[in-house]
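Residue numbers (my numbering), protein chains in the order written: chain A, 1466 to 1634; chain B, 4 to 109. Note that beta-carbon positions come from the ideal geometry of N, C-alpha and C, so glycine has one too. What you are looking at is a predicted structure, and each value in this text was computed from that prediction instead of being measured. Notes follow the structure.
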Amino acid sequence: MAEEFERIVREFQDKIFRLAYSMLPDRASAEETTQDVLLRVWKGLPGFRAESSLSTWIYSITRNACLTARGRGGIHAVSLDDPAPLREVERRAAAAWPSAASPDAGALLDRLPAKYRQVVALFYMQEKSYDEVACMLGLPVGTVKTYLFRARKSLAEELARERVRKGGT
Amino acid sequence: MACPEFEDLVREGPGGHAAHCDECRALLDALADVDAAFEAAFAGVAAPPGMAAAVRARVARELPLRRPSPLPEILDLIGWAAVLALAAVLLPRFLPLIDAALAGWG
């Protein structure tokens, strides 16, 4: 079992972290939750039956752990409708975008409805894999594609309008 | 010429309708910039390098691997011993009957 667990840690630690990072307010919370998830996987592995795929099982544990973490005192609670999730990511994104003429990823993300935000962030974290994002969020692939399409369209239109308004770039 | 739907515009790319329409070209440029901004912000986000070691340490501390219980093997052994003992007790009683039945057929 130890070898199997090592393989799971190697294969899933980044994916679990990304999913947690997209659901929790900061990196530290995501790191702590990732460890909790892997511990739960270790505990649950002997009883795991292949009724669902391993990844489905692990992502389900991760989503539940994130929801628990949100409600826990130690981690600042945020709801899906709260624009606070991803704010550290947004700050990093803003910092990584020095030119005022270029769109600010954090500000763009902030303009999206909450249900699109997590899908967009995970999509770019997961090397643009619709299937992986759908599996991670427990959503149909079609829903992920629709959310992404609407989000990108709305942001592109808004940005284009803003540029026309400002008369530049 | 009427501008295509956003989906068609994206599919055609900058060489299609957008090549002759400033508004659509601006929209495609904006989309490319949105994608680039998200790519820069989110691509490469990964667990910290020490994650695996931290998890191993927590597993060792909080959930040491329990040695498998010998109970199933012991019960298995007791079960087989009981079956053999029962056979040893009952077989001598039934042997004459079996002999008689075989002789009757012979």
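C-alpha gap between residue i and residue j, whole angstroms
| i | j | result |
| --- | --- | --- |
| Cys6/B | Gly1512/A | 57 Å |
| Phe9/B | Ala1621/A | 10 Å |
| Ile77/B | Ala103/B | 39 Å |
| Cys61/B | Leu1519/A | With the sequence shown as reference, residue 61/B is identified as Arg, and Cys is not the correct amino acid for it. Going from the Cα of Arg61/B to the Cα of Leu1519/A covers about 22 Å. |
| Leu1574/A | Arg1630/A | 20 Å |
| Tyr1589/A | Pro17/B | 22 Å |
| Gly19/B | Arg1576/A | 29 Å |
| Ser1594/A | Ser1517/A | 20 Å |
| Thr1498/A | Gln1591/A | 19 Å |
| Ser1619/A | Ala1467/A | 47 Å |
| Ile1481/A | Ala49/B | 9 Å |
| Pro59/B | Arg1483/A | Per the sequence shown, residue 59/B should be read as Arg rather than Pro. Distance between the alpha carbons of Arg59/B and Arg1483/A is about 20 Å. |
| Lys1610/A | Asp38/B | 15 Å |
| Val86/B | Pro95/B | 15 Å |
| Leu1587/A | Asp1479/A | 12 Å |
| Gly1603/A | Ala55/B | 25 Å |
| Glu1476/A | Ala63/B | 20 Å |
| Ala43/B | Arg1537/A | 31 Å |
| Pro99/B | Trp108/B | 14 Å |
| His23/B | Ala46/B | 33 Å |
| Trp83/B | Leu105/B | 29 Å |
| Ser72/B | Glu1496/A | 34 Å |
Neighbour list for residue i in chain A, Cβ cutoff strictly below 7 Å
| i | result |
| --- | --- |
| Phe9/B | Lys1618 |
| Glu15/B | Ordered by position in chain A, no residue passes the 7 Å Cβ test against Glu15/B, which lies about 15 Å from the chain. |
| Leu30/B | Ala1621, Glu1622 and Ala1625 |
| Pro51/B | Glu1496 |
Own chain partners of residue i with C-beta closer than 7 Å, once the 5 adjacent residues on each side are dropped
| i | result |
| --- | --- |
| Asp1596/A | Val1606 |
| Val1474/A | Leu1503 |
| Trp1507/A | Phe1470 |
| Cys1600/A | Ser1520, Thr1521 and Tyr1524 |
| Ala1515/A | none |
| Leu31/B | Leu12, Pro17 and Ala21 |
| Pro51/B | none |
| Leu93/B | none |
Residues that residue i contacts on chain B, provided the C-beta gap is smaller than 7 Å
| i | result |
| --- | --- |
| Tyr1581/A | None at all; the shortest Cβ gap to chain B is about 12 Å. |
| Leu1503/A | Val58 |
| Asp1491/A | Correct list: empty, because the minimum Cβ distance to chain B is about 13 Å. |
| Thr1499/A | Ala50 and Met54 |
Assigned secondary structure, residue i (DSSP; H/G/I helix, E/B strand, else coil)
| i | result |
| --- | --- |
| Arg1535/A | helix |
| Val1609/A | helix |
| Ala1586/A | helix |
| Gly1512/A | helix |
| Glu1497/A | helix |
| Gly1632/A | coil |
| Gly1429/A | Because chain A here runs from 1466 to 1634, residue 1429/A falls outside it and cannot be looked at. |
| Ala104/B | helix |
| Gly82/B | helix |
| Glu8/B | coil |
| Asp1596/A | helix |
| Ser72/B | coil |
| Leu1504/A | helix |
| His20/B | helix |
Spatial neighbours of residue i in its chain, beta-carbon cut-off 8 Å, leaving aside the 5 residues before and after
| i | result |
| --- | --- |
| Asp1547/A | Note that Asp1547/A scores 43 on pLDDT, short of 50, meaning its location in the model is unreliable; the coordinates nonetheless yield the value given after this. The residues are Ala1579. |
| Leu1624/A | Pro1568 and Leu1573 |
| Cys27/B | Cys6, Pro7, Leu12, His20 and Ala21 |
| Thr1608/A | Ala1599 |
9 Å Cβ cut-off: residues of chain B touching residue i
| i | result |
| --- | --- |
| Tyr1595/A | Neighbours of Tyr1595/A on chain B: none; closest Cβ ~15 Å, over 9 Å. |
| Ala1586/A | Phe41, Ala44, Phe45 and Val48 |
| Arg1628/A | Ala29, Asp32 and Ala33 |
Within chain B, the residues that residue i reaches when beta carbons sit closer than 8 Å
| i | result |
| --- | --- |
| Met1488/A | Those within 8 Å of Met1488/A in chain B number zero; the least Cβ separation is about 13 Å. |
Interface residues of chain A facing residue i [CB-CB closer than 9 Å]
| i | result |
| --- | --- |
| Leu74/B | Near Leu74/B there are no residues of chain A at all, since even the closest Cβ is about 16 Å away, more than 9 Å. |
Residues of its chain near residue i, where Cβ-Cβ distance is below 6 Å and the 5 sequence neighbours each way are ignored
| i | result |
| --- | --- |
| Tyr1612/A | Tyr1581 and Val1584 |
| Ile1526/A | Val1502 and Arg1505 |
| Ala1616/A | Leu1577, Tyr1581 and Val1585 |
| Met1488/A | Cys1531 |
Amino acids of chain A, ordered along the chain, whose beta-carbon sits closer than 8 Å to that of residue i
| i | result |
| --- | --- |
| Ala63/B | Residues of chain A passing the Cβ test: none, with the nearest at roughly 10 Å. |
| Val37/B | Pro1568, Leu1573, Arg1617, Leu1620, Ala1621 and Leu1624 |
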